[in-house]
Each structure stands twice: as C-alpha cells, then as structure tokens.
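Below: the structure, in structure tokens.
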Amino acid sequence: MKNENGAVSIDSSTSGVTTSDSESIDCNDYLYGMMDKKLISAYNQIDPENMQLKLHLQPLEAELVHIFAIPVPGLTREIVEDSPYVRGNLYRLHTAYAETGFDEHYFDLLTDFAKHGRDKRTIVAEAIVRCHEFFQVKDKQSGLVVQGMEDGCGEEEVVHIVRFEVVTDKSDEDGGDREIGNWKIIDVDDLLEGNVFH
72 MKNENGAVSI DSSTSGVTTS DSESIDCNDY LYGMMDKKLI SAYNQIDPEN
122 MQLKLHLQPL EAELVHIFAI PVPGLTREIV EDSPYVRGNL YRLHTAYAET
172 GFDEHYFDLL TDFAKHGRDK RTIVAEAIVR CHEFFQVKDK QSGLVVQGME
222 DGCGEEEVVH IVRFEVVTDK SDEDGGDREI GNWKIIDVDD LLEGNVFH
C-alpha cells in the first residue's frame, strides 16, 4: 500500500516495491487505524493466493450529508462489543420510552449506560466522496478480470457514500471541552447496511 499526494494505491502484484517519492505504509496498522474491523472483514473476501488486487483512489471532494450523536451517554461500539448485553438494554430503553416516556424506569436504564462511561459520546457522520478511481480484481492463473476495470482503462470518476464514527470524551471534570478521538470509516456504499451497533 502506498500513500502519495493524498492518493492511496494498492497493487498486490508489486508487493514490497516502493519508489523514492512515495511513502510505504504498514497495511494492517493503516487500515485498522482508519476503518472498522467489520468493514475490513467485508473486503477480506479476496484470496491473495489466487487473486490480484489493484486499487488507486484519489479523493477529489467531499460533502457532509448527515451528522448525529447517539443519544445515549456512554454508548460506544467498543462497549457493545465488549458487553453484548448492553444492546438488549438499549432495546429496553427504547421500549420504556415508548410505553411511559421519561419516567423513573427510563432514567434507571439510562443510568446503566452511563456507568460504562458517562462522559463518552458517539458521533456518526455520512459524506458523499467524489474520487478518481481504478479498481480491479484479477484471477492470477487465467489473467481474467473477475471484478472491476480492464487493463488499459483509465481512472473513472466515482461517487461513494461513506459513513464515519468517532467517540468524544470530556477532557476534565469541570465540564471542559470534549476530546475527539480518531474518525473511523464504518461503512462504504452501504455494504454493511450502515454497520449500526446501537
């Protein structure tokens, strides 16, 4: 994987090759730093022993379409993955609100979430990203393109819908500013139907 002038390139046929004007990236650290593991798993369908992947992606512009906060304090993807029972509690929270509104039972359930990290908030954003892109998956033995563009084709302009997620946390006990973690891509083109955890 190379990152050069804002463009990301992957070419499995040239594994280990770098040029002097590009930065070689440790693929695992880079991907896990910017993408959710479920999304990475969705792309792990390509068998590197039998298939060759070529991808060149140059983002041109992006437009923010939606941004919202998960309305439950302390609810993060990490907490739900570590404690799956929390997802059931969220269902009970929604049910309690639907039945009786903001009553004592509702706030008891809300307090349960807060004990996981009352100062944490999850923010989700969706953007439309316009790119120049070349994408190809080729069968190594036959040389046939099984997905994407044929050799010799130039890059095409494509539009992707990208969903991002970040966790914020209070920086101090006195109600100070919020610290923003690293944004992660959690879905592209609705491949994971939003990759919703809540």
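Read in order, the letters of the sequence shown correspond to residues 72 to 269 in our numbering. A virtual CB, placed ideally from N, CA and C, is assigned to each residue, including glycine.
Where residue i falls, given that 16 or more other Cβ within 10 Å makes a residue buried
{"i": "residue 121", "result": "exposed"}
{"i": "residue 148", "result": "buried"}
{"i": "residue 202", "result": "buried"}
{"i": "residue 136", "result": "exposed"}
{"i": "residue 60", "result": "Because the chain spans 72 through 269 in this model, residue 60 falls outside it and cannot be assessed."}
{"i": "residue 146", "result": "buried"}
{"i": "residue 164", "result": "buried"}
{"i": "residue 143", "result": "buried"}
{"i": "residue 87", "result": "Note that residue 87 scores 46 on pLDDT, short of 50, meaning its location in the model is unreliable and no value can be drawn from it."}
{"i": "residue 268", "result": "buried"}
{"i": "residue 174", "result": "exposed"}
{"i": "residue 95", "result": "Note on residue 95: pLDDT 44, under 50, position unreliable in the model; the coordinate value appears next. It is exposed - the Cβ of residue 95 has fewer than 16 other Cβ atoms within 10 Å."}
{"i": "residue 253", "result": "exposed"}
{"i": "residue 251", "result": "exposed"}
{"i": "residue 167", "result": "buried"}
{"i": "residue 108", "result": "exposed"}
{"i": "residue 177", "result": "buried"}
8 Å Cβ cutoff met for residue i and residue j
{"i": "residue 204", "j": "residue 232", "result": "no"}
{"i": "residue 130", "j": "residue 83", "result": "no"}
{"i": "residue 208", "j": "residue 117", "result": "yes"}
{"i": "residue 214", "j": "residue 206", "result": "no"}
{"i": "residue 61", "j": "residue 105", "result": "Nothing about residue 61 can be read from this structure; the chain reaches only from 72 to 269."}
{"i": "residue 263", "j": "residue 110", "result": "yes"}
Boundaries (first-last residue) of the beta strand (DSSP E) holding residue i
{"i": "residue 165", "result": "Segment 156-171 is the alpha helix (DSSP H) holding residue 165; no beta strand (DSSP E) there."}
{"i": "residue 258", "result": "255-259"}
{"i": "residue 61", "result": "Residue 61 falls outside the range modelled here, since the chain spans only 72 to 269, and no answer is possible."}
{"i": "residue 240", "result": "227-241"}
{"i": "residue 73", "result": "73-75"}
{"i": "residue 267", "result": "Segment: none, residue 267 is in no beta strand (DSSP E) and carries neither H nor E."}
{"i": "residue 281", "result": "Residue 281 lies beyond the range of the chain shown here (72 to 269); nothing can be said about it."}
Closer than 8 Å to chain D by CB, residue i
{"i": "residue 171", "result": "Protein chain content of the structure displayed is limited to a single chain, and chain D is not contained in it."}
Option nearest residue i by Cα separation, candidates the options
{"i": "residue 249", "options": "194, 206, 200 and 255", "result": "194"}
{"i": "residue 74", "options": "119, 126 and 114", "result": "126"}
{"i": "residue 139", "options": "263, 239 and 264", "result": "239"}
{"i": "residue 217", "options": "81, 115, 107 and 124", "result": "124"}
{"i": "residue 53", "options": "228, 220 and 189", "result": "Given that the chain is displayed from residue 72 to residue 269, the structure contains no residue 53 and the question cannot be resolved."}
{"i": "residue 77", "options": "141, 132 and 117", "result": "132"}
{"i": "residue 265", "options": "128, 113, 80 and 222", "result": "113"}
Extent of the continuous alpha helix (DSSP H) run through residue i
{"i": "residue 126", "result": "Not the alpha helix (DSSP H): residue 126 falls in the beta strand (DSSP E), residues 122-140."}
{"i": "residue 186", "result": "First-last for residue 186: undefined, no H or E at that position."}
{"i": "residue 251", "result": "It is not in any alpha helix (DSSP H) - residue 251 instead sits in the beta strand (DSSP E) that spans 249-251."}
{"i": "residue 110", "result": "108-114"}
Review point. How about the stretch 255-264 and the stretch 220-234: do they share at least three Cβ pairs that are nearer than 8 Å?
Key: yes
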